[in-house]
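Let me begin by presenting the structure, written as structure tokens, before commenting on it.
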Amino acid sequence: MCNFFSFCSNGRDYLYADWGERVRLNHQDVDSHTAILTRAKVAPEKQDGWSFYEYNPLTKVLGVDRAVDGHDIEAARNWVEARDWKAIVEPLVVKPIINPFAKRAPKITQEHIKALKQWASVGASVWASVWASVGASVGASVGASVWASVGDSVWASVGASVWASVWAYTSSFFTIKYVCDFSSAVRLWEAGLVPSYDEKTWRLHGGKSAKVLYEWTPEGRKEK
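Residue numbers (this note's numbering): 2 to 225.
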């Protein structure tokens with residue numbers, strides 16, 4: 002499967018799907034290297050002369066799916082890093098990914114507790130809401146790429162219990178109108194705090210060890 006952002010080069014020219022083309026094609030096969038070449042009317046017998054690349058504008062990682070001898074990979078990197086991403090995916094917000102557990106564990110404040118309670122009221126269908134909105138607006142390839150990039154920063158520390166928070170923070174990378182308000186979880190994440198929930202207790206994790214810094218349940222709350 003080809004991932005966002007895919008582009009092709011013959012060592013001189015570069016082909017890819019811009020925002021207008023993505024919208025026109027309803028975000029279908031817009032990051033398929035073969036489809037990109039076919040839409041550009043590159044004859045099938047000449048497609049082997051094109052290198053295939055994938056670039057993540059959030060992590061700045063350039064992947065080479067197929068390298069053709071004589072093609073300059075660094076030239077391809079320079080080209081893609083100079084792109085105007087609004088012209089490629091208009092709603093995408095290119096910004097550094099915050100790893101909340103790379104921050105020093107903050108002291109829990111009333112603002113943090115308020116944000117946690119606001120987040121708890123959003124419900125358990127966060128991923129479905131974000132995925133539906135992002136998928137409809139920019140396509141599954143873009144959404145999956147951003148989600149995976151964000152999730153990589155926390156999976157090893159806390160695991161699946163923070164999925165909802167990952168989806169919420171992912172939502173901040175797109176200027177899309179969502180059904181739910183994810184801002185409370187985003188504020189916590191950016192402050193170095195990630196909520197988790199085990200069907201009974203809400204917790205705020207922080208610091209390099211993802212330590213539990215605060216616990217709260219509907220019946221009462223306890224500070225660690």
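Glycine included, each C-beta is placed from N, C-alpha and C at the ideal position.
Of the residues Q119, R78, G208, K61, the one placed nearest S150, counting alpha carbons only:
Closest option to S150, Cα to Cα, is K61.
Between the segment 71-82 and the segment 26-35, do at least 3 Cβ pairs fall closer than 8 angstroms?
With the cut-off at 8 angstroms, the segment 71-82 and the segment 26-35 do not touch.
For K212, name the three-state secondary structure that DSSP assigns.
strand
Beta-bridge pairing of L205 - partner residues as DSSP gives them:
P196, Y215
Roughly how many angstroms lie between the CA atoms of D66 and H113, to the nearest whole one?
So the alpha carbons of these two residues sit roughly 44 angstroms apart.
Considering Cα atoms alone, identify which of E55, A186, D49 is closest to A169.
The shortest C-alpha separation from A169 is found at A186.
Roughly how many angstroms lie between the CA atoms of S184 and E91, to the nearest whole one?
21 angstroms
Mapping DSSP to helix, strand and coil, what is Y179?
coil
Span separating the alpha-carbon of V94 from that of Y215:
Cα-Cα distance, rounded: 31 angstroms.
Going by C-alpha to C-alpha distance, which of V43, L189, N100 sits closest to W120?
L189
Nearest residue (CA-CA) to S52, options K108, C9, I99:
C9
Let's see if you can read the secondary structure: which residues bound the alpha helix (DSSP H) around R78?
74-82
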